[in-house]
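These notes concern the structure reproduced below.
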Ligand code: SF4
Ligand code: SF4
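In the working numbering, the protein residues as written are 147 to 566.
As structure tokens, this is what we get:
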């Protein structure tokens with residue numbers, strides 16, 4: 147039996163919507179297409195009509211429910227705390243139950259459920275990358291050489307890692323005896339596309355003397371399956387991760403990806419008390435490092451002339467949890483970084499998981515709104531704390547003809563740390 151709530155289980159919350167429209171001003175999708183049916187208020191009204199059997203779960207409903215990044219901005223601003231993102235996710239699960247997964251959804255969740263298949267595909271992609279991809283422009287990612295389903299040829303994608311991050315390291319890396327054991331949840335993008343972020347996380351934790359656990363059997367955080375409406379896959383991944391992270395009972399499970407933090411820390415917790423322990427130990431790496439005094443330790447490092455102007459983009463999945471100060475504090479304390487705040491740092495990048503696959507044109511338009519702020523900041527580097535945002539921001543920068551390179555906060559933080 148499914149552990150997840152049905153749409154009908156949200157009836158009370160749906161009825162708490164007073165149609166004030168406070169969510170409208172914060173919805174990145176509404177800002178582009180101005181349709182009431184895409185804003186949270188409209189979707190909650192559609193969900194209500196569905197429960198009252200006034201409308202069918204038809205093509206129009208499917209199209210409207212797919213127009214959402216699950217960014218959480220509407221919930222963040224809702225005076226009545228209507229859990230709009232959960233209601234939309236529940237509606238998507240009902241759609242999947244009735245109509246099945248889309249072709250893309252089927253392919254995606256098959257790969258998510260089978261980490262070895264994901265690794266095999268990544269290795270094949272790497273082996274044939276000379277044939278599949280071209281480097282455009284230099285240093286800023288790849289474009290597909292040939293048309294392919296679901297990925298636009300003008301989309302910038304990161305290179306696949308020669309060796310996945312988790313295969314480079316043992317499961318347990320001992321630190322100081324008096325320091326806690328922390329686990330690192332890598333997420334799929336760090337493992338296969340941005341292993342340098344994983345190396346930076348590891349370096350930062352080793353600098354602090356932490357004992358580090360990197361369970362090799364961990365799986366995806368489940369957020370892409372939440373987005374696709376595949377409740378069964380979310381449950382399977384939650385169970386895989388519950389088992390992977392229960393063996394050594396680490397004090398904390400760290401994420402360097404804002405979306406993984408929400409998948410592991412919020413959506414898995416919704417599955418019931420047996421997942422409470424897993425979700426409640428999940429912590430964003432920026433928050434953890436600040437708590438452990440890394441800002442002060444960075445500030446005490448030998449000073450050097452700031453060589454790079456760096457700005458920061460707030461991932462929605464951290465901003466809506468009020469995690470905005472910590473990544474900035476780490477950047478500002480890092481030697482060699484001249485920090486500059488940009489206009490619209492808190493504006494959504496437009497990725498939204500499967501949203502950017504189904505609605506790439508809208509996704510690009512949402513992303514394009516970031517370009518003036520990035521350009522005016524005159525930064526050399528745009529830092530963020532989410533590999534998904536990083537991919538989308540580099541795509542936006544390339545489309546806008548800008549020069550900036552996107553980087554993870556931890557890459558800048560770790561480069562001046564000395565470890566054994
Ligand atoms: S802000 Fe909340 S209560 Fe107001 S319309 Fe949006 S969902 Fe409804
Ligand atoms: S989660 Fe984001 S994209 Fe979806 S309705 Fe709310 S504000 Fe709009």
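Backbone N, C-alpha and C define an ideal beta-carbon position, used for all residues, glycine too.
Rounded separation between residue 348 and residue 467 - CA only: 24 Å
Mapping DSSP to helix, strand and coil, what is residue 433? helix
Mapping DSSP to helix, strand and coil, what is residue 458? strand
Nearest-angstrom Cα separation, counted from residue 340 out to residue 246: 32 Å
Within a Cβ cutoff of 7 Å, which residues of the same chain sit near residue 563, ignoring the five residues on either side of it in sequence? 349, 350 and 353
For residue 318, list the residues DSSP reports as bridge partners. 359
I need the boundaries of the beta strand (DSSP E) containing residue 484, first residue and last residue. 483-485
Coil, strand or helix - residue 342 by DSSP: helix
Close beta carbons around residue 334, own chain, < 7 Å, minus the five adjacent residues each side: 264 and 366
For residue 399, report the span of its beta strand (DSSP E) as first-last. 398-401
Taking residue 543 as the reference, which of 203, 191 and 300 has the closest Cα? 300
Any heavy atom of ligand 2 inside 7 Å of the beta-carbon of residue 555? no
Cβ shell of residue 491 (< 8 Å), same chain only, five flanking positions each side left out: 457, 458, 459, 460 and 519
Residue 500 versus 236, 153, 196 and 371, residue with shortest Cα-Cα distance: 371
Is the segment 357-366 touching the segment 305-322, taking contact as three or more C-beta pairs under 8 Å? yes
Give the C-beta separation of residue 450 and residue 481 to the nearest angstrom, bearing in mind that I take them to be a contact with Cβ-Cβ under 8 Å. 5 Å
At what residues does the alpha helix (DSSP H) containing residue 380 begin and finish? 377-390
Span of the beta strand (DSSP E) around residue 527: 527-530
DSSP on residue 447, reduced to helix/strand/coil? coil
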